[in-house]
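Q: Under my numbering, read the sequence shown as residues 127 to 434, first letter to last. Yeah, the Cβ is synthetic: ideal placement off N, Cα and C, and Gly gets one too.
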Amino acid sequence: MVLAQLGGSITRALQQMTNATVIDEKVFNDCLNEINRALLQSDVQFKLVQDMHTNIKKIVNLQDLAAGHDKRKIIQQAVFNELCKMLDPGKSSFVPKKGKTSVVMFVGLQGSGKTTTCTKYAHYYQKKGWKPALVCADTFRAGAFDQLKQNATKAKIPFYGSNYCIAVPSFLYSYMESDPVKIAVEGVERFKEENRDLIIVDTSGRHKQEAALFEEMRQVSEATKPDLVIFVMDSSIGQAAFDQAQAFKQSVAVGAVIITKMDGHAKGGGSLSAVAATKSPVIFIGTGEHMDEFEVFEVKPFVSRLLG
Ligand code: GDP
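(1) What number of angstroms, rounded off, separates the C-alpha of residue 387 from the C-alpha of residue 334?
(2) Could you have a look at residue 417 and say whether DSSP puts it in helix, strand or coil?
(3) If you reduce the DSSP assignment to three classes, tell me which class residue 265 lands in.
(4) In angstroms, rounded to a whole number, what distance separates the CA positions of residue 414 and residue 389?
(5) Looking only at its chain, what residues have a beta carbon closer than 7 Å to the beta carbon of residue 251, apart from the 5 residues adjacent to it on each side?
(6) Are there three or more Cβ pairs, one per stretch, closer than 8 Å when the segment 367-382 is compared with the segment 271-290?
(7) Quick one: does the C-beta of residue 270 sit closer than 8 Å to a heavy atom of the ligand GDP?
(8) Using only the heavy atoms of the ligand GDP, determine whether one of them is closer than 8 Å to the beta carbon of residue 342.
(9) Just checking, does the segment 397-409 make contact with the segment 222-242 on the three C-beta pairs under 8 Å criterion?
(10) Under a Cβ-count criterion, where at least 16 other Cβ atoms within 10 Å of its own Cβ denotes burial, should residue 304 be classed as buried or exposed?
(11) Is the closest heavy atom of the ligand GDP to the C-beta of residue 415 under 8 Å?
(12) Do you know offhand how far residue 170's Cα is from residue 321's?
(13) Residue 426: buried (16+ other C-beta within 10 angstroms of its C-beta) or exposed?
(14) Tell me whether the beta-carbon of residue 339 lies closer than 9 Å to the beta-carbon of residue 330.
(15) Flag this pair as yes or no: are the beta carbons of residue 287 and residue 263 separated by less than 9 Å?
(16) Let me check understanding here. Comparing Cα to Cα, which of 136, 210 and 311 lies closest to residue 158?
(17) Kindly indicate which residue of 233, 141 and 368 has the alpha-carbon position closest to the one of residue 328.
(18) Can you grab the Cα-Cα spacing for the pair residue 200 / residue 182, in whole Å?
(19) If we ignore side chains and look at the alpha-carbon of each, how far apart do residue 417 and residue 146 end up?
(20) To the nearest angstrom, how far is it from the Cα of residue 293 to the Cα of residue 381?
(21) Take residue 403 and list the residues in its own chain whose beta-carbon comes closer than 6 Å to its own, dropping the five residues that flank it on each side.
(22) Exposed or buried, which one is residue 358 when buried takes at least 16 other CB atoms within 10 Å?
(23) Between which residues of its own chain and residue 411 is the CB-CB distance below 6 Å, once the five residues before and five after are set aside?
(24) Return yes when the C-beta of residue 419 is under 8 Å from any heavy atom of the ligand GDP, and no when it is not.
(25) To the nearest angstrom, how far is it from the Cα of residue 138 to the Cα of residue 401?
(26) Excluding five sequence neighbours on each side, which residues of the same chain lie with their C-beta closer than 7 Å to the C-beta of residue 219?
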């Protein structure tokens, strides 16, 4: 079930309740159960669904509602608020300032869309007149540097990394080095000297959550002292989202989340779980492979759209 379907199912459940002549406990419970089912089918973590259910029941006490209260409206509002709460950790992430150097480190599993998203993020700010730069600290995956280089060149963004004897224009830096920590530090320092205001560090991923990956992330983070760590997650990750996001959060100070491949057929509910696991807001979503297929994420408009 893609997110649009989730929205549709919730809206239908609310509509069914609205169509009932009288809203009694049974109608209310049927509606909530339908919403629970839709959320679970969309891979939202069971505990989150349970919490949402409990909260709505607490907020909407049908017996206490005096006659004249619009029960439908109150229930609809409670559902809307709870969905927003799921996606809103209650604190905003670090916001880089134009003209002042910020270091932003990207983490995530291999294939999550991390490298693509680094360029999208850089491109987004570059369009607004910032001076971003990309550092490829992924020496694990063969071709990672080439990919970042290709993307960066297309977007006309300076980059730094290690590869094997590839001739590059003089304003770009490239050499042979396999220590990701060293590359990250050198890249960040180089771009700081050049007064780049957004230095983006792409780190390596693994297919699975492995101790080696987390250790490497920790070291890169310790050495580069990022102002913000962004966790990149593939929206199709499903029920594994909560545990995966939590594992990353436990290793580095994740401060924001970007969900990729929202254009695909993913159920998408994992994004709700990732917010809960990292207690960090989703700041952007990826909606395609192209550099411009990248949207700022805002909770209320998103939930409004979701519910039609
Ligand atoms: P990494 O291993 O995490 O660095 O992942 P990549 O950046 O190499 O991305 C893996 C694949 O996902 C590539 O084919 C990307 O083009 C694709 N990809 C990344 N973001 C999106 C997105 O938002 N939508 C779609 N459809 N594909 C994406």
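A: Per the coordinate set shown:
(1) For the purposes of this step, residue 387 is identified with residue 261 of the sequence shown, where counting begins at 1. For the purposes of this step, residue 334 is identified with residue 208 of the sequence shown, where counting begins at 1. When rounded, the distance between both Cα atoms is 19 Å.
(2) Counting from 1 along the sequence shown, the entry for residue 417 is found at position 291. Residue 417 falls in the coil class under three-state DSSP.
(3) Locating residue 265 in the sequence shown gives position 139, where the first residue counts as 1. Three-state result, residue 265: coil.
(4) For the purposes of this step, residue 414 is taken as the residue at position 288 of the sequence shown. For the purposes of this step, residue 389 is taken as the residue at position 263 of the sequence shown. Cα to Cα, residue 414 sits roughly 6 Å from residue 389.
(5) Here residue 251 refers to the residue found at position 125 of the sequence shown. Contacts found: 258 and 324.
(6) no
(7) Position 144 of the sequence shown, counted from the start, is the residue given in the question as residue 270. Yes, the ligand GDP has a heavy atom inside 8 Å of this Cβ.
(8) Position 216 of the sequence shown, counted from the first residue, corresponds to residue 342. Flag unset: Cβ of residue 342 not near the ligand GDP.
(9) no
(10) Within the sequence shown, the letter at position 178 stands for residue 304. Counting Cβ neighbours within 10 Å, residue 304 comes out exposed, since fewer than 16 surround it.
(11) By 1-based counting over the sequence shown, the position of residue 415 is 289. Checking every heavy atom of the ligand GDP against the Cβ of residue 415, one is found closer than 8 Å.
(12) As a first step, residue 170 is located in the sequence shown; it is residue number 44 there, counting from the start. As a first step, residue 321 is located in the sequence shown; it is residue number 195 there, counting from the start. If you take the alpha carbons of residue 170 and residue 321, they lie about 42 Å apart.
(13) By one-based count along the sequence shown, residue 426 stands at place 300. By the 10 Å Cβ count, residue 426 comes out exposed.
(14) As a first step, residue 339 is located in the sequence shown; it is residue number 213 there, counting from the start. As a first step, residue 330 is located in the sequence shown; it is residue number 204 there, counting from the start. Yes, they are a contact pair.
(15) In the sequence shown, residue 287 corresponds to position 161, counting from 1. In the sequence shown, residue 263 corresponds to position 137, counting from 1. Closer than 9 Å, so yes.
(16) Residue numbering aside, residue 158 sits at position 32 when the sequence shown is read from its first letter. Nearest C-alpha to residue 158: 136.
(17) Residue numbering aside, residue 328 sits at position 202 when the sequence shown is read from its first letter. Of 233, 141 and 368, the residue nearest in Cα terms is 233.
(18) Here residue 200 refers to the residue found at position 74 of the sequence shown. Here residue 182 refers to the residue found at position 56 of the sequence shown. One C-alpha to the other measures close to 10 Å.
(19) The residue given as residue 417 occupies position 291 in the sequence shown. The residue given as residue 146 occupies position 20 in the sequence shown. Roughly 47 Å separates the two Cα atoms.
(20) One-based indexing of the sequence shown puts residue 293 at position 167. One-based indexing of the sequence shown puts residue 381 at position 255. No answer about residue 293 holds up, because its pLDDT of 41 lies below 50 and its placement is not dependable.
(21) Residue 403 sits at position 277 when you count from the first residue of the sequence shown. Around residue 403: 368, 371 and 372.
(22) Counting from one through the sequence shown, the residue named residue 358 turns up at place 232. With 16 or more Cβ atoms within 10 Å of its Cβ, residue 358 is classed as buried.
(23) Here residue 411 refers to the residue found at position 285 when the sequence shown is read from its first residue. Closer than 6 Å at Cβ, skipping near neighbours: 385, 388, 421 and 423.
(24) Working through the sequence shown from its first residue, we reach residue 419 at position 293. Checking the Cβ of residue 419 against the ligand GDP gives yes.
(25) Numbered from 1 along the sequence shown, position 12 holds the residue referred to as residue 138. Numbered from 1 along the sequence shown, position 275 holds the residue referred to as residue 401. If you take the alpha carbons of residue 138 and residue 401, they lie about 25 Å apart.
(26) Taking the sequence shown and counting its residues from 1, one reaches residue 219 at position 93. These residues qualify, in order along the chain: 354, 381, 382, 406, 407 and 409.
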